[in-house]
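Below is one structure, written out as structure tokens; comments come after it.
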Amino acid sequence: MVIKIPCTFIKLMPLISLILYSLIIATVNTHSVLAEEVTKEDPEFYILDETPTIHSNLTISSKTRLLVSHYKKIRKGMRCHVAGYNICDGVKADKGTSLLYCCKKHCRNILGDMNNCGRCGHKCRFGQRCCGGICTYVGFNPKHCGKCNKKCKSGIKCEYGYCGYA
Numbered sequence: 148m149v150i151k152i153p154c155t156f157i158k159l160m161p162l163i164s165l166i167l168y169s170l171i172i173a174t175v176n177t178h179s180v181l182a183e184e185v186t187k188e189d190p191e192f193y194i195l196d197e198t199p200t201i202h203s204n205l206t207i208s209s210k211t212r213l214l215v216s217h218y219k220k221i222r223k224g225m226r227c228h229v230a231g232y233n234i235c236d237g238v239k240a241d242k243g244t245s246l247l248y249c250c251k252k253h254c255r256n257i258l259g260d261m262n263n264c265g266r267c268g269h270k271c272r273f274g275q276r277c278c279g280g281i282c283t284y285v286g287f288n289p290k291h292c293g294k295c296n297k298k299c300k301s302g303i304k305c306e307y308g309y310c311g312y313a
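In the numbering used here, the protein residues as written are 148 to 313.
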């Protein structure tokens, strides 16, 4: 039994291959651009504005005091307790744009974490981002258009997360 393939399908095969190739290339390039944007906006460390202080009522060894005073930056998602001390107990970082608290044993920025917005465990809803510790809808907000603190020019509306969407 011989299977006959219509002539038009054979003629369209190069065109279909070209379209599939273009889609694959476009997807790969978009993914790398998105990865770069996330890296720029979301670096790996919080840079502390001040060295964490050790409370006077705690008895801490000199080794621990040296360890805690060594921290100038904290890796995102790092465990809170180092040598018996909570290293992210209301610590300001990134020039005041981050405020670190210990949420479920990990350091979290309550001013920008969508799962811990304003306080530990407070999750933002779909379509919201955590802007300065407040869950904010960013789809139609001219002060936070598409992301936190992205302001639209005067007289231009924020629509679907874009200023002046047409």
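Glycine residues also receive a C-beta, built at the ideal position from the N, C-alpha and C atoms. Only a predicted model underlies this, so the values are computations on that prediction, with no experimental measurement involved.
When DSSP states are grouped into helix, strand and coil, L247 belongs to the strand group. Inclusion of I221 and C264 in the CB contact set at 8 Å is not warranted, their separation being larger than that value. If you draw a 10 Å sphere on the C-beta of L159, you find fewer than 16 other C-beta atoms in it, and that means exposed. Taking a C-beta distance under 8 Å as the contact criterion, N296 and C277 do not qualify as a contact pair. Counting only unbroken stretches of 3 or more residues, the beta strand (DSSP E) elements lying wholly within the segment 240-299 are 245-250, 253-256, 275-278 and 281-284, in sequence order.
Around the beta carbon of A240, 16 or more other beta carbons lie within 10 angstroms, which makes this residue buried. Here K158 carries a helix assignment [DSSP, helix/strand/coil].
Residue pairing of C310 in beta bridges, as defined by DSSP: C305. Only residues of its own chain outside the window of five on either side were considered, and among them K220, I221, R222 and K223 have a CB closer than 7 Å to the CB of F192, listed in chain order. Minimum Cα-Cα distance from K252 among the listed residues L246, R226 and H269 corresponds to R226.
According to the DSSP secondary-structure assignment, K220 is paired through a beta bridge with I194.
A check of alpha carbon separations from K300 across H269, G293, C310 and Y232 identifies C310 as the nearest.
As the crow flies, the alpha-carbon of G286 is around 44 Å from that of A230.
Taking C-beta atoms under 8 Å as the contact rule, C267 and P289 fail to qualify, at a distance of about 30 Å.
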